[in-house]
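Have a look at the structure below, then the notes.
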Amino acid sequence: MKLERGNKAIDFCLPDENENKVCLSNFLGKWVVLYFYPKDNAWVLKKMYGREYYGVERSTFLITSVSEIGYVWRKVKVKGHVQEVKEKLKKLQAY
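Under the numbering used here, the first residue of the sequence shown is numbered 106, with each subsequent residue one higher.
Right, here's the structure in full:
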């Protein structure tokens, strides 16, 4: 399943800073901003110069209160990104 806008978000669980299990399903009914950055080893298949290789891609996913992917940002640039996400969240919640 591709992580694309409109698709159902896949439930997953990860440990928090205290090693407690936190699952996406714990946030059902709430909007979630999920951000992957290079230090978390979010590997993706990339194409460059006609070749494929695995690399790390900074990505953000806005997940709706009904666990659908509301918006996706790929190849995120840090500067201005937080404001952009906040504006998109506000706009989508208005619908």
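Virtual Cβ for every residue (Gly too), placed ideally from N, Cα, C.
In whole angstroms, what separates the C-alpha of serine 170 from that of glutamate 157?
-> Mapped onto the sequence shown, residue 170 falls at position 65. Mapped onto the sequence shown, residue 157 falls at position 52. For serine 170 and glutamate 157, the distance between alpha carbons rounds to 35 Å.
Beta bridge counterpart(s) of serine 164 as assigned by DSSP | Translated into positions along the sequence shown, residue 164 becomes position 59. Answer by DSSP bridge pairing, in chain order: Phe141.
Tyrosine 159 beta carbon less than 9 Å from that of leucine 150 = The residue you call residue 150 lines up with position 45 of the sequence shown. The residue you call residue 159 lines up with position 54 of the sequence shown. Cβ atoms of leucine 150 and tyrosine 159: closer than 9 Å.
Which same chain residues, not among the five before or five after arginine 179, have their C-beta less than 8 Å away from its C-beta?
-> Here residue 179 corresponds to residue number 74 of the sequence shown, with the count starting at 1. Same-chain partners within the cutoff: Glu162 and Ser164.
Alpha carbon to alpha carbon, how far is valine 177 from lysine 191? Give it in angstroms, no decimals.
-> Reading the sequence shown from its first residue, position 86 is the one you call residue 191. Reading the sequence shown from its first residue, position 72 is the one you call residue 177. Each residue's alpha carbon lies about 13 Å from the other.
For asparagine 131, which option in Val187, Phe117 and Leu167 has the closest C-alpha, if you only look at C-alpha atoms?
-> Indexing the sequence shown from 1 puts residue 131 at position 26. Residue Phe117 is the option with its Cα nearest to asparagine 131.
C-beta contact flag for leucine 167 and lysine 135 at 9 Å | For the purposes of this step, residue 167 is taken as residue 62 along the sequence shown, with counting starting at 1. For the purposes of this step, residue 135 is taken as residue 30 along the sequence shown, with counting starting at 1. The answer is no: Cβ separation not under 9 Å.
Can you name the start and end residues of the alpha helix (DSSP H) that leucine 197 belongs to?
-> As a first step, residue 197 must be located in the sequence shown, where it is residue number 92. 186 to 198 is the span of the alpha helix (DSSP H), which, as asked, contains leucine 197.
With a threshold of 16 other CB atoms inside 10 Å of the CB of alanine 199, please say whether the residue is buried or exposed.
-> Counting from 1 along the sequence shown, the entry for residue 199 is found at position 94. So alanine 199 ends up on the exposed side.
Are the beta-carbon atoms belonging to leucine 133 and valine 127 less than 9 Å from one another?
-> By 1-based counting over the sequence shown, the position of residue 133 is 28. By 1-based counting over the sequence shown, the position of residue 127 is 22. Contact flag unset, no.
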